[in-house]
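Okay, so here's the structure we're looking at.
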Amino acid sequence: MSRPAPVTVAVLVQATPRQAWEAFTSPNSITKWNFANADWHCPHARTDLREGGAFCYRMEARDGSFGFDFEGKFVEVSPLTRLHYTLGPDREVEVQFAQEGAQIRVSQSFTPETTHPLEQQIAGWQAILENYKKHVDAAPSEA
Numbered sequence: 036m037s038r039p040a041p042v043t044v045a046v047l048v049q050a051t052p053r054q055a056w057e058a059f060t061s062p063n064s065i066t067k068w069n070f071a072n073a074d075w076h077c078p079h080a081r082t083d084l085r086e087g088g089a090f091c092y093r094m095e096a097r098d099g100s101f102g103f104d105f106e107g108k109f110v111e112v113s114p115l116t117r118l119h120y121t122l123g124p125d126r127e128v129e130v131q132f133a134q135e136g137a138q139i140r141v142s143q144s145f146t147p148e149t150t151h152p153l154e155q156q157i158a159g160w161q162a163i164l165e166n167y168k169k170h171v172d173a174a175p176s177e178a
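Going by our numbering, the sequence shown opens with residue 36, and the numbers climb by one from there.
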């Protein structure tokens, strides 16, 4: 069985490269945006932000009915520009941070899994990235 083609979702954020990077990689920030809708939350996150380092973000329904660990290992960490990580043997994610004028385009290309419909996966990943955007855009900007 061949691996599905990667899918990309993206947002533009009002931030400096450092602000965009920190909001995406800091466990304290991750817990504020890493969920697809208001019925979910990310009560804790841990990350060893280095090549070969692991991360684990706890995703839970607010009513306690379901939860799971979103976890993987970093393959490449290029501060302020790129993250590449795996979610197991057959799934990879690449995150790019690209300057576009006064904004940063944050794009995530991910290998879909085979359990859920592709449209559902795209909607979920995009919704989480939109929460990231709201978090970053609401943060005070650096002078």
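C-beta atoms are modelled at their ideal positions from N, C-alpha and C, and glycine is treated no differently.
Asked	Found
Taking 8 Å as the threshold, find out whether the segment 48–61 comes into contact with the segment 109–129 through three or more Cβ pairs.	yes
Counting Cβ pairs, one atom from each stretch, are 3 or more of them under 8 Å apart for the segment 95–112 and the segment 70–79?	yes
Which residue from Lys108, Phe103 and Val128 puts its Cα closest to that of Gly87?	Lys108
What is the C-beta distance between Ala50 and Ile139, in whole angstroms, given that I count them as a contact (C-beta under 8 Å)?	5 Å
Tell me whether Lys168 is buried or exposed, calling it buried when 16 or more other Cβ atoms sit within 10 Å of its Cβ.	buried
Run through DSSP, which three-state label would Leu122 get?	coil
Tell me which residue opens and which closes the alpha helix (DSSP H) that Ser64 is part of.	Pro62 to Trp68
Report all residues from its chain with a CB closer than 6 Å to the CB of Ser144; omit the five preceding and five following residues, and keep chain order.	Pro41, Thr43 and Glu129
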